[in-house]
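Beneath this line is the structure, given in structure tokens, with notes to follow.
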Amino acid sequence: MTGPIALEIERKLVETFAPGRLAVINDSDSHSGHSGHDGSGESHFTVEIEAAAFAGVSRLERQRMVNRALGDLPGQRVHALAIKAKAPGE
29 MTGPIALEIE RKLVETFAPG RLAVINDSDS HSGHSGHDGS GESHFTVEIE
79 AAAFAGVSRL ERQRMVNRAL GDLPGQRVHA LAIKAKAPGE
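If you read the sequence shown in my numbering, its first letter stands for residue 29, the second for the next number, and so on.
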């Protein structure tokens, strides 16, 4: 079952980037007992996204773009977010 934070991440990224591929992976269970694991079951995520908006953009800028699209989620309601952003064909 996908929780509300994962659904919000997905919604925001779809609205912003209209990705050809998107996976929002909840890694929270593998961080049980670690710093930032708040017991909510939605504290650590990996985002794998492929979108035309990333063409010709550096890896760092891609991560910034994703973080901007997510607003207050990273650092506020999500403790850790790994981002794997690619342009089509990469």
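Just so it is clear, CB atoms sit at the ideal spot from N, CA and C, and this is done for glycine as well.
Local conformation of residue i per DSSP, three classes
i, result
"threonine 44", "helix"
"alanine 34", "helix"
Buried or exposed (CB count within 10 angstroms, at least 16 for buried), residue i
i, result
"leucine 109", "buried"
"proline 47", "buried"
"proline 102", "buried"
"arginine 90", "buried"
Where the beta strand (DSSP E) through residue i begins and ends
i, result
"glutamate 76", "72–78"
"leucine 101", "Leucine 101 -> no beta strand (DSSP E), and no H or E assigned at all."
"valine 85", "Taken as a continuous stretch (DSSP letters only), valine 85 belongs to no beta strand (DSSP E), as it is neither H nor E."
"serine 113", "The amino acid occupying residue 113 in the given sequence is alanine; serine does not appear at that position. Alanine 113 -> beta strand (DSSP E) spans 108–114."
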